[in-house]
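Visitor: Residue numbers (the numbering used here): 12 to 383. Using N, Cα and C, we set each Cβ at its ideal position, and we do this for glycine too. Keep in mind it's a predicted model, so treat the numbers as computed, not measured.
What follows is the structure, given as structure tokens:
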């Protein structure tokens with residue numbers, strides 16, 4: 012993954028037929044905006060918005076970037092990635108806690124490894140490593156292209172064939188065959204830092220495409236999705252134990268991952284108090300389940316958020332590309348609502364009882380350094 016991050020940073024300098032540093036200026040002169048890129052555990056995404064009548068320019072530039080990179084200024088761009096790691100992890104208590112938590116939770120699966128790599132990984136990178144990695148994997152075979160806007164689909168397909176059809180397909184990445192062993196006992200890790208205490212709890216759950224995915228999404232919103240959610244109302248609003256509490260699933264989507272809850276206590280309250288309260292609310296859900304009204308409210312909340320995300324062309328393009336990558340079918344973007352609507356209170360109660368149990372969790376806490 013660190014090679015993908017390095018390539019992400021390098022590609023602004025990595026074109027044989029575009030003058031160095033001119034790529035974004037060419038697009039900006041054409042009316043483009045929002046040119047950017049990001050790397051996650053499973054993909055690197057490049058995105059931009061531009062006028063429909065300049066769409067072919069994107070194909071011309073992007074095909075050149077894909078087929079003829081030369082990786083100018085390799086070491087200066089590697090230094091940029093290293094500095095980002097220093098800022099986001101090595102000198103960041105939240106970043107250090109996040110990495111420590113994933114390392115403890117995933118003892119074998121690559122999800123336990125940082126996306127950007129370690130500082131030692133980055134220092135040892137050579138230009139030839141990045142060039143070889145790019146040649147092998149950054150080809151049309153592994154690419155998903157999503158175009159949304161006032162365009163002619165037939166013309167888009169013609170441009171895709173014309174500009175990308177002659178580029179070597181590249182290799183398929185080897186499938187991840189490593190399966191994380193079932194966790195049989197709680198794991199705990201502490202990170203010492205001169206900073207405010209914080210808490211991360213993660214339970215192993217299936218991949219996003221699993222049948223339990225919608226019920227877990229409802230559970231997440233029910234616990235921390237807004238001021239009326241159970242944990243926010245109890246920990247932040249009523250008892251004033253925490254400044255914030257939120258939940259998520261990650262670090263990826265394609266493989267079994269974590270259902271995560273993060274919280275920051277208000278002084279003088281401790282992470283232990285927060286942890287105890289979280290488990291108490293989970294036990295209530297296991298014993299009683301949520302009400303139908305709660306589930307209906309949360310379903311509406313999730314659907315409203317999904318609609319907001321696809322109201323812009325860029326947001327819809329992101330969602331279509333994600334669906335194609337995860338499900339192998341962009342149409343799943345429009346089937347998610349039906350899966351969500353099928354979730355019942357009994358489904359939520361079942362996934363809580365199945366996954367959010369003590370032996371399946373990993374707990375990471377940020378604690379103050381001991382006084383010598």
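Just verifying my parser: in three-state terms, what is the DSSP assignment at residue 54?
Guide: For the purposes of this step, residue 54 is identified with residue 43 of the chain shown, where counting begins at 1. It is coil, neither helix nor strand.
Visitor: Counting only the same chain and skipping the five closest in sequence on each side, list residues whose C-beta sits under 7 Å from that of residue 142.
Guide: Against the chain shown, residue 142 aligns to sequence position 131. 82.
Visitor: Might you give, ordered along the chain, the residues of its own chain that have their beta carbon closer than 6 Å to the beta carbon of residue 309, omitting 5 neighbours on each side?
Guide: Taking the first residue of the chain shown as position 1, residue 309 is located at position 298. Excluding residues within five positions, the ones whose Cβ falls inside 6 Å are 229, 232 and 233.
Visitor: If you reduce the DSSP assignment to three classes, tell me which class residue 272 lands in.
Guide: For the purposes of this step, residue 272 is taken as residue 261 along the chain shown, with counting starting at 1. Strand, per DSSP.
Visitor: Per the contact definition of three or more C-beta pairs closer than 8 Å, is the segment 344 to 357 in contact with the segment 175 to 192?
Guide: No, they do not touch.
Visitor: Taking the straight line between their C-alpha atoms, what separation do you get for residue 23 and residue 195?
Guide: Residue mapping note: residue 23 aligns to position 12 of the chain shown, counting from 1. Residue mapping note: residue 195 aligns to position 184 of the chain shown, counting from 1. Summary for residue 23: the model assigns pLDDT 48, below 50, so the residue's position carries little reliability, and this model does not support an answer.
Visitor: Could you round the C-beta distance between residue 256 and residue 235 to whole angstroms and report it? I think they count as a contact, below 8 Å.
Guide: Position 245 of the chain shown holds residue 256. Position 224 of the chain shown holds residue 235. Contact flag correct, Cβ pair sits at about 6 Å.
Visitor: Which parts of the segment 151 to 213 are runs of the alpha helix (DSSP H), unbroken and 4 residues or longer, counting only runs that do not cross its ends?
Guide: You should have 164 to 175.
Visitor: Using only the alpha-carbon positions, how far apart do residue 376 and residue 202 sit?
Guide: Here residue 376 corresponds to residue number 365 of the chain shown, with the count starting at 1. Here residue 202 corresponds to residue number 191 of the chain shown, with the count starting at 1. One C-alpha to the other measures close to 6 Å.
Visitor: Is residue 50 buried or exposed, if buried means 16 or more other CB atoms sit within 10 Å of its CB?
Guide: If you number the chain shown from 1, residue 50 lands on position 39. By the 10 Å Cβ count, residue 50 comes out buried.
Visitor: So the alpha helix (DSSP H) residue 106 belongs to, where does it begin and stop?
Guide: If you number the chain shown from 1, residue 106 lands on position 95. Taken as a continuous stretch (DSSP letters only), the alpha helix (DSSP H) holding residue 106 covers 104 to 116.
Visitor: Sorted by chain position, which residues of the same chain lie with C-beta nearer than 7 Å to residue 303's C-beta, five sequence neighbours on each side aside?
Guide: Position 292 of the chain shown, counting from 1, holds the residue named residue 303. 356.
Visitor: For the alpha helix (DSSP H) holding residue 372, just list the boundary residues, first then last.
Guide: Within the chain shown, residue 372 is the residue found at index 361, counting from 1. Counting along the chain, residue 372 falls outside any alpha helix (DSSP H), though it belongs to the beta strand (DSSP E) covering 372 to 378.
Visitor: In the DSSP assignment, find the unbroken alpha helix (DSSP H) run with residue 257 in it and report its ends.
Guide: Here residue 257 refers to the residue found at position 246 of the chain shown. No alpha helix (DSSP H) contains residue 257, which is instead part of the beta strand (DSSP E) from 253 to 261.
Visitor: What's the C-alpha gap between residue 67 and residue 160?
Guide: For the purposes of this step, residue 67 is identified with residue 56 of the chain shown, where counting begins at 1. For the purposes of this step, residue 160 is identified with residue 149 of the chain shown, where counting begins at 1. The straight-line gap from Cα to Cα measures roughly 13 Å.
Visitor: Under the three-state reduction of DSSP, which class applies to residue 349: helix, strand or coil?
Guide: By one-based count along the chain shown, residue 349 stands at place 338. Helix at residue 349.
Visitor: From the DSSP output, read off the bridge partner residues of residue 49.
Guide: Residue mapping note: residue 49 aligns to position 38 of the chain shown, counting from 1. Answer by DSSP bridge pairing, in chain order: 56.
Visitor: Would you mind working out which of 150, 366, 133 and 372 sits nearest residue 197, comparing C-alpha positions?
Guide: The residue labelled residue 197 in the question sits at position 186 within the chain shown. It is 372 whose Cα lies nearest to the Cα of residue 197.
Visitor: Whose CA, out of 76, 287 and 54, lies closest to the CA of residue 245?
Guide: Taking the first residue of the chain shown as position 1, residue 245 is located at position 234. Of the listed residues, the one whose Cα sits closest to residue 245 is 287.
Visitor: Counting C-beta neighbours from all protein chains within 10 Å, is the total for residue 388 16 or more, i.e. buried, or is it exposed?
Guide: The chain is shown only over 12 to 383; residue 388 falls outside these bounds and no answer can be derived.
Visitor: Can you grab the Cα-Cα spacing for the pair residue 273 / residue 213, in whole Å?
Guide: Numbered from its first residue, the chain shown carries residue 273 at position 262. Numbered from its first residue, the chain shown carries residue 213 at position 202. Approximately 9 Å between the Cα atoms of the pair.
Visitor: Of the residues 285, 215, 169 and 33, which one's Cα is nearest the Cα of residue 117?
Guide: Locating residue 117 in the chain shown gives position 106, counting from the first residue. Minimum Cα distance to residue 117 is reached at 215.
Visitor: Fully enclosed by the segment 273 to 314, which alpha helix (DSSP H) runs are 4 residues long or longer?
Guide: Correct list: 282 to 299.
Visitor: Could you give the C-beta distance for residue 98 and residue 130, rounded to a whole number, given that I count them as a contact under 8 Å?
Guide: By 1-based counting over the chain shown, the position of residue 98 is 87. By 1-based counting over the chain shown, the position of residue 130 is 119. Incorrect: roughly 12 Å between the Cβ atoms, too far for contact.
Visitor: Pull up the distance between the alpha-carbon of residue 322 and that of residue 330, whole angstroms please.
Guide: Along the chain shown, one-based indexing puts residue 322 at 311. Along the chain shown, one-based indexing puts residue 330 at 319. Roughly 11 Å separates the two Cα atoms.
Visitor: Drop a sphere of 10 angstroms on the beta-carbon of residue 339, count the other beta-carbons inside from all chains shown, and report buried for 16 or more, exposed for fewer.
Guide: In the chain shown, the residue the question calls residue 339 occupies position 328. Under this definition residue 339 is an exposed residue.
Visitor: Assess, as a yes-or-no matter, whether the segment 311 to 320 is touched by the segment 287 to 300 under the definition of 3 or more beta carbon pairs within less than 8 Å.
Guide: At 8 Å Cβ cutoff, the stretches do not touch.
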